[in-house]
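Just so we're aligned, residue 845 is where the sequence shown starts under this note's numbering, counting upward by one. For glycine and all other residues, C-beta sits at the position ideal for the given N, C-alpha and C.
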Amino acid sequence: MLQRCNIRLSNYVSNVDSKSYKAVVRAFSQGITAPEELVKLIHGRIINHHGIDAITASLKGVVSLAEIDMISQLRDELDMAEAHKEKCQVRMLEICEREFPEELKRLQTIPGIKERAATSLIAEIGTDMNKFETANHLASWSGLKPRNDESNKKIKSRSITHGNVYLRKTIIECAWAASRTKEQIQ
């Protein structure tokens, strides 16, 4: 919607999910369209990196009342979806605390795994590990075990296989978080 209004801030922020971008969208939805006011909402590092003139120029556009209304409605829908997601997470945590309290607590002792990741792992894998013969079976089921496609000593592919996408994303995020903890496992 902002691109349609010739607002090119997304060219300068690293992510449209960043605080600066969200603050600008919120300001637009409230009817604030002056670039001088909007530039105050941008993080200092972004301004220092690209220059205040470039950021101000990216915030100059033609924003009509109809676009402001649409931005406001879209922002409300995103806020509602975020509230629904948070409500589901709270409900999932209640279920896990009631049904699997020991497993939930034990999973959270692993570096990189906190409440949200633990509930997601319980939901995707379950608590009974007997269905996986080895750790390789679990890795393969999550899609994190590379294929070994070799013929006549020529390696064709070593990419990861298809698997449970949600489990794979959770495991990868937990691994990134664990690699950045002070007491990481060697």
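Using three-state DSSP, classify residue i as helix, strand or coil.
i: I1004; result: strand
i: K1092; result: Nothing in the structure corresponds to residue 1092, since the chain is present only between 845 and 1030.
i: E977; result: coil
i: I851; result: coil
Quick check on this structure: which residue in the options has the alpha carbon closest to the alpha carbon of residue i?
i: P990; options: N980, I896, C932; result: N980
i: T1025; options: E881, E994, T953; result: T953
i: A898; options: V907, I886, I915; result: I886
i: T900; options: K1000, I1015, R852; result: R852
i: L965; options: K929, L918, K1013; result: K1013
i: V857; options: S873, L937, I890; result: I890
i: N974; options: E968, A967, L982; result: L982
Would you kindly work out how many angstroms separate the C-alpha atoms of residue i and residue j, rounded to a whole number?
i: T877; j: D923; result: 21 Å
i: A962; j: F976; result: 19 Å
i: S916; j: S908; result: 12 Å
i: K958; j: Q933; result: 13 Å
Residues bridged to residue i by DSSP?
i: K998; result: S995
i: P990; result: I1004
Starting from residue i and walking both ways along the alpha helix (DSSP H), at which residues does that stretch end?
i: T900; result: 896-902
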